[in-house]
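Per my numbering, residue 5 is the first one in the sequence shown, and the count goes up by one each step.
We put the beta carbon where it would ideally sit given N, CA and C, even for glycine.
Note that the structure is predicted; figures quoted are calculated from it, not measured.
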Amino acid sequence: MIGDRVHSVGSAAEAIGAYLQNGGLVMPPLVLCVVVLWFAIGWRWVTLNRGGAKSVRVLINNRLRDKPRVLKGIVDTAVNQGVALWAEHKPYLRERLDEAFGHYQSEIKRYSLVVSTIVAIAPLLGLLGTVIGMIETFNSLGDMTLFSQTGGIAGGIATALFTTQMGLVVAVPGYIVKSVLDRRQRQIEHDLAQIKDILCSLSPARPEIHP
């Protein structure tokens, strides 16, 4: 049983190695793009956690009424922090809220540029591999060489196909997940702005929000 598993792992590793080798010089950068992209996506997926589904107004009302709540995400924590600052009844509340929420603003934007950049350049790297493969193919056609140390006709076609495929495999899922995460980021940014507006409009005499 263990021997079969070891053999399966070895066969899979050989298949991956052959795939990467057929991709040529462009394949290592694409593999690096995969690693960095999904690290950044995983980090953003965990970080861009709003908390609950309740609206900002409901969350602030509950906090003003001292209803206990487990802080699950950025918006929950920001409401708790914002209401605490409002309760101090000090001047320049908006400026203090801006300063307090600055950390959240930077956190939700982290690695966004990295994800966008990799999603954009992965197809271009695949296209570069396609061009390299086609050059090798045409050179081999001129020499009428089906196989050679540099790949020949078959190697050139393999390089063109594998790198194109790899570029799309990196970019398409990355773009889909990026769209979901960007939507989460915009929602959290909207909620943070709404928290500031609501707290700055509250009267200390009537700390109650009506929908």
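- Taking the C-beta atoms as reference points, Ile161 is found no nearer than 8 Å to Thr134.
- The shortest CA-to-CA distance from Leu75 to any of Glu111, Val83, Cys204 is the one to Val83.
- With a beta-carbon spacing of about 7 Å, Lys182 and Ser120 fall inside the 8 Å limit used to define contacts.
- Three or more pairs of CB atoms, one per stretch, sit closer than 8 Å, so the segment 171-178 contacts the segment 114-132.
- A distance of 8 Å or more separates the beta carbons of Asp80 and Gly46.
- Here Arg48 is buried: its Cβ has 16 or more other Cβ atoms, across all protein chains shown, within 10 Å.
- When the beta-carbon positions are compared, Ile199 and Gly86 come within less than 8 Å of each other.
- Bounds of the alpha helix (DSSP H) holding Arg100 are 97-113.
- Under the three-state reduction of DSSP, Lys182 is assigned to helix.
- Look at Arg54 here: in three-state DSSP terms it is coil, with no helix or strand label.
- Cβ-Cβ distances below 6 Å link Cys37 to Ile122, Ala126, Val174 in the same chain, with the five nearest sequence neighbours on each side left out; the list follows chain order.
- In this structure Phe43 is exposed. Its beta-carbon is surrounded by fewer than 16 other beta-carbon atoms within 10 angstroms.
- When the Cα atoms are used, Tyr179 and Tyr108 turn out to be separated by approximately 24 Å.
- The alpha carbon of Pro33 has as its nearest neighbour, out of Ser116, Leu131, Leu63, the alpha carbon of Leu131.
- For Val79, the enclosing alpha helix (DSSP H) begins and ends at 78-91.
- For the pair Gln189 and Leu41, the CB atoms are not nearer than the 8 Å cut-off.
- The shortest C-alpha to C-alpha distance from Ser205 to any of Leu63, Met31, Arg98, Ala88 is the one to Arg98.
- For the pair Val60 and Ile202, the CB atoms are nearer than the 8 Å cut-off.
- At a Cβ-Cβ threshold of 8 Å, Arg54 and Asp195 count as neighbours.
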